[in-house]
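*Asks:* Each step along the sequence shown adds one to the number in this note's numbering, with nothing skipped, and position 99 is 264. Glycine included, every Cβ here is placed at the ideal spot set by N, Cα and C. Handing you this structure, nothing more for now.
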Amino acid sequence: MPKKHNPAPAAVPERADARCGYVALIGAPNSGKSTLLNQLVGQKLAIVSPKVQTTRSRLLGIAIVGPAQLILVDTPGIFAPRRRLDRAMVAAAWAGAADADQLVLLVDATRPTDPDTRQIVDRLRASGRHAILALNKIDLLRRDGLLAIADSLFREGCFARVFMISALTGDGVDDLKQHLASLAPPGPWLFPEDQLSDAHERWLAAEVTREQIFLQLHDELPYSAAVETESWEERTDGSVKIDQVIYVRREGQKAIVLGDKGQRIKAIGARARAELETMLARRVHLFLFVKVRDNWIEDPERYAALGLDYNV
Ligand SMILES: Nc1nc2c(ncn2[C@@H]2O[C@H](COP(=O)(O)OP(=O)(O)OP(=O)(O)O)[C@@H](O)[C@H]2O)c(=O)[nH]1
Ligand SMILES: [Mg+2]
Numbered sequence: 166m167p168k169k170h171n172p173a174p175a176a177v178p179e180r181a182d183a184r185c186g187y188v189a190l191i192g193a194p195n196s197g198k199s200t201l202l203n204q205l206v207g208q209k210l211a212i213v214s215p216k217v218q219t220t221r222s223r224l225l226g227i228a229i230v231g232p233a234q235l236i237l238v239d240t241p242g243i244f245a246p247r248r249r250l251d252r253a254m255v256a257a258a259w260a261g262a263a264d265a266d267q268l269v270l271l272v273d274a275t276r277p278t279d280p281d282t283r284q285i286v287d288r289l290r291a292s293g294r295h296a297i298l299a300l301n302k303i304d305l306l307r308r309d310g311l312l313a314i315a316d317s318l319f320r321e322g323c324f325a326r327v328f329m330i331s332a333l334t335g336d337g338v339d340d341l342k343q344h345l346a347s348l349a350p351p352g353p354w355l356f357p358e359d360q361l362s363d364a365h366e367r368w369l370a371a372e373v374t375r376e377q378i379f380l381q382l383h384d385e386l387p388y389s390a391a392v393e394t395e396s397w398e399e400r401t402d403g404s405v406k407i408d409q410v411i412y413v414r415r416e417g418q419k420a421i422v423l424g425d426k427g428q429r430i431k432a433i434g435a436r437a438r439a440e441l442e443t444m445l446a447r448r449v450h451l452f453l454f455v456k457v458r459d460n461w462i463e464d465p466e467r468y469a470a471l472g473l474d475y476n477v
């Protein structure tokens, strides 16, 4: 699990004023949930791309604010699902919301009337649950336009508070974080103070490669690919050797991932390796293999590996 790079022993401190709360970040695809999770934690954990449906399963990021430990849940975007994978992703998002003490609904301020957002607001209202509205991407809009958008969303009646933020620049994020900390229920911290996530390094490393697939490949390819870390070998020189498999669904897709004379996979590997070296703070040898597995998208074993429920 990723930790801050200090040698302090991982112990959960006992303090009388301790608070601890689960906060789920929900919203339409591309609204900026993963960017906000990284901003709140202060370190890149979740992968981010300009394409919709980048996040596939729940990821916890942990932030400390004075006496409060915030356990932040990044969820897949909520949208009208078509495929089994879509259904599993949307179910993971609502499951993340159900368990949380607080819900933060992210709305991309440049698309306030997005139909996916509309559906989420309707479901929230029907459930009677109140959320905190985070109007995101305010760096892209003028202030006067924002107030009108915030006002019309607030009138939906399912928001306790509205924050205007830019998850990208960090503008307004600290106010939101302080507010979330003030709402965290009293109770002991659930994670050691130096722990930043519940995810295993192997899974995070696979996500780093998947992010490059989202950034470097287009059309249906990112949606037809999955990445798994197959082996992880610590070397005596302090470096780590990581083997990963990129699953695609057809031979033609394998050819695209490889690229002309293997150029594409080389570029994916080079960027992913650089990211991994930053994340792990050591030298990384990354070996990528591409396998065609036509049915990975219907294979229960792959869903388990991805942290998703096959049977929803
Ligand atoms: N300008 C601007 N861009 C942002 C902001 N927050 C996120 N983005 C961009 O919006 C895109 C989507 O961000 P993500 O964090 O991946 O969005 P997400 O809600 O996690 O998306 P899914 O995982 O697909 O549901 C990326 O290109 C981000 O860089 C912001 O505050 N301002
Ligand atoms: Mg995401």
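Determine the contact status of T374 and L453, defining contact as a CB-CB distance below 8 Å.
*Replies:* It is a contact, given that the beta carbons lie within the stated cut-off.
*Asks:* Measuring straight from C-alpha to C-alpha, what distance separates G242 and F379?
*Replies:* When rounded, the distance between both Cα atoms is 15 Å.
*Asks:* Measuring CB to CB, does L190 end up less than 8 Å from V269?
*Replies:* Yes, these two residues count as a Cβ contact at 8 Å.
*Asks:* Assess contact between the segment 290-303 and the segment 212-222, defined as three or more Cβ pairs (one per stretch) separated by less than 8 Å. Is contact present?
*Replies:* Counting Cβ pairs under 8 Å, fewer than three are found: no touch.
*Asks:* Do S347 and D304 count as a contact pair if the criterion is CB distance below 8 Å?
*Replies:* Going by C-beta atoms, D304 is not nearer than 8 Å to S347.
*Asks:* Might you give, ordered along the chain, the residues of its own chain that have their beta carbon closer than 8 Å to the beta carbon of E385, omitting 5 neighbours on each side?
*Replies:* Counting only Cβ-Cβ distances below 8 Å, and skipping sequence neighbours, we find nothing.
*Asks:* From the DSSP secondary-structure annotation, give me the bridge partner or partners of L190.
*Replies:* In the DSSP output, where bridge partners are listed per residue, L190 has D239 and V269.
*Asks:* Looking at A256 and V477, is the spacing between their C-beta atoms short of 8 Å?
*Replies:* Yes, they are a contact pair.
*Asks:* If you draw a straight line from the C-alpha of P194 to the C-alpha of R252, how long is it?
*Replies:* Taking the straight line from one Cα to the other gives about 14 Å.
*Asks:* Of all the options E366, A233 and Y475, which has the alpha carbon lying nearest to the alpha carbon of G186?
*Replies:* Closest option to G186, Cα to Cα, is A233.
*Asks:* Tell me whether P465 is buried or exposed, calling it buried when 16 or more other Cβ atoms sit within 10 Å of its Cβ.
*Replies:* Exposed: under 16 other Cβ atoms inside 10 Å.
*Asks:* Is it right to say K460 is buried, meaning 16 or more other beta carbons lie within 10 angstroms of its own, or is it exposed?
*Replies:* It should be pointed out that residue 460 corresponds to Asn in this sequence rather than to Lys. It counts as exposed.
*Asks:* Run through DSSP, which three-state label would T278 get?
*Replies:* Of the three classes helix, strand and coil, the one that applies to T278 here is coil, per DSSP.
*Asks:* Go ahead and pull the three-state DSSP assignment for N301.
*Replies:* N301: strand per DSSP, three-state reduction.
*Asks:* Which class does Q218 belong to by DSSP, given the choice of helix, strand or coil?
*Replies:* Three-state result, Q218: coil.
*Asks:* Quick check on Q409: does DSSP put it in helix, strand or coil?
*Replies:* Note: Q409 maps to strand in three-state DSSP.
*Asks:* What I want to know is whether the C-beta of D239 ends up closer than 7 Å to one or more non-hydrogen atoms of ligand 2.
*Replies:* For ligand 2, at least one heavy atom lies less than 7 Å from the Cβ of D239.
*Asks:* How about L205: is its Cβ closer than 7 Å to a heavy atom in ligand 1?
*Replies:* It does not: the Cβ of L205 is nowhere closer than 7 Å to a heavy atom of ligand 1.
*Asks:* Where DSSP assigns a beta bridge to S347, which residues make up the other side?
*Replies:* In DSSP, S347 forms no bridge with anything.
*Asks:* Across the segment 321-337 and the segment 362-376, are there enough close Cβ pairs to call them in contact, namely three or more that are closer than 8 Å?
*Replies:* Cβ pair count under 8 Å is below three, so no.
*Asks:* Could you tell me if K426 is buried or exposed, where buried requires 16 or more neighbouring beta carbons within 10 angstroms of its beta carbon?
*Replies:* Classification of K426: exposed, given that the 10 Å Cβ count is below 16.
*Asks:* If you draw a straight line from the alpha carbon of T275 to that of G417, how long is it in whole angstroms?
*Replies:* Whole-angstrom Cα-Cα distance: 36 Å.
*Asks:* Sorry if obvious, but does the Cβ on T374 come closer than 7 Å to a heavy atom of ligand 2?
*Replies:* No, Cβ of T374 sits at least 7 Å from all heavy atoms of ligand 2.
*Asks:* Within the same chain, show all residues whose beta-carbon is closer than 7 Å to that of A391, passing over the 5 residues directly before and after it, in chain order.
*Replies:* Same-chain partners within the cutoff: Y412, W461, R467 and L471.
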